[in-house]
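Here's the structure we're looking at; comments come further down.
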Amino acid sequence: MNQIETQEQNQIDQCSTHKGYPIQFFNTNLSTDTNQIGFCSRCVTKNLLQGKDLLFYADIAESSDTEILTNWPIMEDKSILSNLKNTLNEQKECFQDELQTIELFIEELQYKLNQKILKMKKAAINYLSDKIVTKSRLLEVYQNISCKKEFQNYIQQMLQGNKQGLEQINNLIKESHKNRIQNQQIIQEEFQKFQESNQFLQLKFPKLIQKQIFQKLKLIKHYFLDNHLRNDKIINIETQNNIEDFQDYISQCASPYVQHIDSLKDLQFNHLSNPQFEYIIQTAQFQIQKNQYISQLNENQFSEQSLSSFKNIEKLTKDFQNLTQEFNKKQQLIMNELMFKHKYELDATENYQFIKSLKDNYSQTNQIIKKSKEGLTKIKQKSSQLMVQFFTEKAIDPSKKYTIQFEFKPFIGDENSYKIAIGVIQKSKCNQQWLDQENLSLSDLFFSNHVSNKFNLSKKGYLFNNSQIRRSELMRKLEFQFCLQDKFFQIADYPDYKNVTQAKEEEVARYQSSQEYVFGIEHYSIKSIKILKFVEGFMINN
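Sequence positions in the sequence shown follow the working numbering and run 928 to 1469.
Shown next as structure tokens:
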């Protein structure tokens, strides 16, 4: 033993049992008969004391502020301190500064949100810069068509006695009369785009999403400001779309907590609709009553009251199932109305590329499918008086609603003889049959301007194949809307919707849900077809 250790030994109190021996251990098991607290090394060996009840003085004296002792302070279950020590040792590097962890999370969240918003802003501005029709753009179109400046100059010349002024006015009026239909169409189209732009710029749907984002950020705030251990599970439920997840959570809660769920309304549920919150409250009430009846069953296993409780639980369960079904129906109606109000559209152009049909050689050699500089798909036919067809390479999603707007031009000289059919066909048949071919094995879900229409519900104006309009200029710019699952098919002239043809329910009876379908167009003597818009969702115009 060296000199320093000898000095330390001399400074420590002596053992009360073995004189001259310093105290080295402290007894932590006070439930024994002995009243002795300090033990020397001889006490330990002589009395066969257990190490778990002994505390070595150096362990305390030399312990740092961050060290966890597995046998101090005294606890009934010593594994708690062992678990605490192991956990803190494992988490030491991760949780050196808890506040910094929170700060870094919020800063990272802010950075990621900002990056996504900037990326969205750039994409939106680039895409919409030439699509939004402004007031100045509308006035510019009007000025170009009206030639008002020229008209004013000619009038000024006439007032000054220049005979050429009157002659120029005469020519200008004749030119305007000659182009009246074309000019009217241009003005109408631009004006409609202007109105659509104004409606679009109300940003109803983005504002709704923005509100939901703010609500989610509030949940993070409440996580930090409130009891996060309690809120953590609620937040998980908040982020679920299925209300049954919340029902499962309620069933796990103790009755006293569920009884006070009303106090959570402003905190966790203020983003829910009234039907949603009413449903949550009724869910909680159901669970409380159910727990009460189950408690009665536990106390009265074989009593008449138990039988009554069984019946009450059965009735409650049935009532609750009815409540859930009613709630789900209301929620679906709300979502349908919401999507209808907010003009839901998603560009489907990239997802649905067009390919030539393999039905015949002409469809392969006489068609050219390419995209313009503006990103619009164009289909050109090299020679007239040939039947060709093309389809989407990818099958249509039967649950989605599609809107396709397109315009076409027949070959010169074929304005009164061109043919066109628009619709869907089984994917397995698209390279074997014509779209409008009469065949019992096909679904025949199409509109045609030259054969007996499969769809004969005139919603407005004439049927699509009526001789009054079938080859008029009005019907060379069309809008085709359909949803296979809803058995909805409609074709109309665009943008005026003067003639709208739909499918009756019984006319779509041949749709086979087990089959995949593609959208396609069959055409004869049509020089070019331009796809103006291909979107998922309905456009609310008619």
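Backbone N, C-alpha and C define an ideal beta-carbon position, used for all residues, glycine too.
All values reported here derive from a predicted model rather than from experimental measurement.
Find out if the Cβ-Cβ distance for the pair residue i, residue j is shorter than 7 Å.
i, j, result
"Glu1334", "Lys1425", "no"
"Lys1143", "Lys1336", "no"
"Ala1322", "Val1445", "yes"
"Glu1320", "Ile1295", "no"
"Gly1447", "Leu1362", "yes"
"Ala1348", "Glu1449", "yes"
"Ser1284", "Gln1312", "no"
"Phe953", "Leu982", "yes"
"Ser900", "Tyr1345", "Since the displayed the chain opens at 928 and closes at 1469, residue 900 lies outside it and no answer follows."
"Val1060", "Phe1132", "no"
"Gln1412", "Ser1326", "yes"
"Asn1288", "Ser1310", "no"
"Thr944", "Asp980", "no"
"Tyr1421", "Glu1406", "yes"
"Cys1357", "Phe1318", "yes"
"Ile1100", "Tyr1081", "no"
"Gly1350", "Leu1384", "no"
"Gln1376", "Asn1392", "The residue you asked about is not Gln; residue 1376 is Asn in the sequence shown. Cβ atoms of Asn1376 and Asn1392: closer than 7 Å."
"Phe1382", "Glu1434", "yes"
"Ile1418", "Phe1374", "yes"
"Asp1140", "Thr1304", "Asp is not the amino acid found at residue 1140; the sequence shown has Ile there. Cβ atoms of Ile1140 and Thr1304: not closer than 7 Å."
"Gly1092", "Gln1084", "yes"
Give me the Cβ distance between residue i and residue j, rounded to the nearest whole Å; I'm assuming they're in contact under 8 Å.
i, j, result
"Phe966", "Ile950", "7 Å"
"Ile1331", "Lys1460", "7 Å"
"Lys1286", "Gln1395", "Incorrect: roughly 31 Å between the Cβ atoms, too far for contact."
"Ile1306", "Ile1456", "4 Å"
"Gly1464", "Lys1245", "At roughly 39 Å, the Cβ-Cβ gap does not stay under 8 Å, so Gly1464 and Lys1245 are not in contact."
Could you tell me the boundaries of the alpha helix (DSSP H) in which residue i lies?
i, result
"Val971", "Ser968 to Asn974"
"Gly1092", "Lys1090 to Lys1105"
"Leu1144", "Lys1131 to Leu1152"
"Asn1343", "Neither: Asn1343 is in no alpha helix (DSSP H) and is coded neither H nor E."
"Ile987", "Tyr984 to Ala988"
Taking all protein chains shown into account, decide if residue i is buried (16 or more other Cβ within 10 angstroms of its Cβ) or exposed.
i, result
"Asp1004", "exposed"
"Ala985", "exposed"
"Gly947", "exposed"
"Arg1437", "exposed"
"Glu1077", "exposed"
"Asn1343", "exposed"
"Ile1108", "exposed"
"Val1378", "exposed"
"Asn962", "exposed"
"Lys1138", "exposed"
"Lys1300", "exposed"
"Phe1151", "exposed"
"Asn1279", "Here residue 1279 is Tyr; the residue named in the question, Asn, does not match the sequence. Burial call: buried."
"Lys1298", "exposed"
"Ala1430", "buried"
"Gly978", "exposed"
"Ser1063", "exposed"
"Met1047", "exposed"
"Met1002", "exposed"
"Arg1129", "Sequence check: residue 1129 is Gln here, not Arg. Classification of Gln1129: exposed, given that the 10 Å Cβ count is below 16."
"Gln1308", "buried"
"Phe1032", "exposed"
"Ser991", "exposed"
For the beta strand (DSSP E) holding residue i, just list the boundary residues, first then last.
i, result
"Thr1292", "Note, Thr1292: premise wrong, no beta strand (DSSP E); alpha helix (DSSP H) at Asn1288 to Thr1292."
"Ser1385", "Leu1384 to Lys1387"
"Gly1447", "Tyr1444 to Tyr1451"
"Gln1070", "Segment Lys1062 to Ser1073 is the alpha helix (DSSP H) holding Gln1070; no beta strand (DSSP E) there."
"Ala1419", "Phe1415 to Asp1420"
"Val1427", "Val1427 to Gln1429"
"Val1315", "Met1314 to Thr1319"
"Lys882", "Residue 882 cannot be examined here, being either before or after the span of the chain that is shown, 928 to 1469."
"Leu1329", "Looking at the sequence provided, one finds Tyr at residue 1329 rather than Leu. Per DSSP, Tyr1329 belongs to the beta strand (DSSP E) from Tyr1329 to Pro1337."
"Lys1307", "Thr1304 to Gln1308"
"Leu1372", "Leu1372 to Ser1375"
"Glu1406", "Lys1404 to Cys1410"
"Phe1281", "Phe1281 to Lys1283"
"Phe953", "Phe952 to Asn954"
Heavy atom of the ligand NAD less than 6 Å from the Cβ of residue i, yes or no?
i, result
"Asn1343", "In the structure on display, the ligand NAD does not appear, and there are no ligands present to speak of."
_Three CB pairs or more closer than 8 Å across the region 1061 to 1069 and the region 1112 to 1121_ = yes
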